[in-house]
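What follows is a short report on a single structure.
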Ligand SMILES: [Zn+2]
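In our numbering, the protein residues as written are 1020 to 1342.
Written out as C-alpha cells, the structure is:
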C-alpha cells in the first residue's frame, strides 16, 4: 500500500501541546493517570506549573518506554490554541496551519497569516495578548501558499502593514506565480476520508477565492534585523522557490514553515516529518533544505503545521527516518 508520510519518529522530546485530539495507539486508558483516551498532551513542566496557556486540560506526557507517547492520531481536530513557548513568542495553532506573533515590548510582528478564512482568528489572537492588529510592524511570510498568506492582503490594505518575504518568493506571494500541488494530484487521493475532509476545510477556509497580497515585497538587508525579535532569514527552497525559515535568536527558536513540520491534517502521525513530496515544487531540493536547517542554532522548532517542538533542530532532523 502506498505510504504517504514518513513513519513517526521515535522522539523523547519535550512536547509543547500536541495538536488536536490524541488517541492512544493501543486504545487503552493509562491506568496510573486515569486519563481519558483523548486529550491534549504537553510537557511535564507545563502540566505541573499549570501556567494558563490553554493547557488547563493538559496531561503529563509519558515516556517512550511506557508505550504511551502520542505518535499517532486518528482524528484531526481543527481547534485553535495559542501558547507562549518562549518569552514574547506566541505560537498559534490555527485550524489547519500555524502563525506566530513575535512581541518585543509593545512592538510585534506576525509570521504567516493562516487561510483567508482565518482572518478573524488572526486578528483575535493578536488582541488576545493585548495588542492591536493595526500596530503590527510587519507580516513575514515563509512562503506564498494560501494557508500562510490568507490574511496578508487585509493587513496591507487596512493597516498598511509591510508584507515581507524573500526576493525569490515575491511573485508567488503577490499571486503572479503558482507553485503548489495541483487539484488533480489531490483529487486522485480524495477517496481517502482524511483527504476529503481536508479538502472541504480548504474550500471553506476560502482557499479558492484568496486575495493575493499584491503589496508584498522583499525585505531589505537591515530591515529584518530591526524588527521585533531580530529575525534572521534562512533561505530553504524546495517547498517553494523562495521558502524561508526565520531564526529568532533571542528565543533560540526557528520558524520552519513547511520545510519541516510536526503534523498536518493529512498526516496520521505527530512528530517531526516532511510533507508529502507532492506538496513541494522541487522535492529533490528538500535534502539540501534539511541540511541548511540542521545547521541552525535553535532549540525550539515552530513549524507551519503541527505543534511546537522543544528540541535542537539538528536532532529533530536526524530523527527523521531516511533524512
Ligand atoms: Zn502549509
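Note that CB positions come from ideal geometry on N, CA and C, so glycine has one too.
Have a look at residue i and residue j and give me their C-alpha separation to the nearest angstrom.
i, j, result
"residue 1145", "residue 1178", "14 Å"
"residue 1030", "residue 1339", "Because the pLDDT at residue 1030 is just 28, under 50, the model does not fix this residue reliably, and the point stays unresolved."
"residue 1215", "residue 1245", "43 Å"
"residue 1295", "residue 1120", "27 Å"
"residue 1124", "residue 1247", "9 Å"
"residue 1203", "residue 1126", "43 Å"
"residue 1114", "residue 1242", "31 Å"
"residue 1150", "residue 1141", "12 Å"
"residue 1225", "residue 1297", "21 Å"
"residue 1308", "residue 1173", "31 Å"
"residue 1335", "residue 1291", "6 Å"
"residue 1189", "residue 1237", "6 Å"
Would residue i and residue j qualify as a contact pair, given that the criterion is a beta-carbon distance under 8 Å?
i, j, result
"residue 1252", "residue 1262", "no"
"residue 1300", "residue 1259", "yes"
"residue 1350", "residue 1111", "The structure shown does not extend to residue 1350, since the chain is modelled only from 1020 through 1342, so no value can be given for it."
"residue 1273", "residue 1332", "yes"
"residue 1213", "residue 1285", "yes"
"residue 1233", "residue 1193", "yes"
"residue 1163", "residue 1137", "no"
"residue 1305", "residue 1257", "yes"
"residue 1200", "residue 1218", "no"
First and last residue of the beta strand (DSSP E) that includes residue i?
i, result
"residue 1251", "1251–1254"
"residue 1319", "1319–1322"
"residue 1272", "1272–1276"
"residue 1266", "1263–1267"
"residue 1104", "1100–1105"
Could you check where the alpha helix (DSSP H) with residue i kicks off and where it finishes?
i, result
"residue 1313", "1305–1313"
"residue 1245", "Unbroken run through residue 1245: none, as it is neither H nor E."
"residue 1335", "1332–1337"
Should residue i be counted as a contact of ligand 2 given a C-beta to heavy atom distance under 7 Å?
i, result
"residue 1306", "Looking at this structure, you won't find ligand 2 anywhere; what it does contain is ligand 1."
Legend entry - Segment contact, 8 Å Cβ cut-off, at least three pairs: the stretch 1182–1190 with the stretch 1141–1160: yes
Legend entry - Secondary structure, alpha helix (DSSP H): runs of 4+ residues fully inside the stretch 1164–1222: 1165–1168, 1189–1192 and 1202–1206
Inset, instruction - Could you tell me which uninterrupted alpha helix (DSSP H) segments, each at least 4 residues in length, are contained entirely in the stretch 1109–1162, listed from first to last along the chain? - result: 1138–1147
Inset, instruction - Check whether the stretch 1309–1326 touches the stretch 1098–1109, taking contact to mean three or more Cβ pairs, one atom from each stretch, closer than 8 Å. - result: yes
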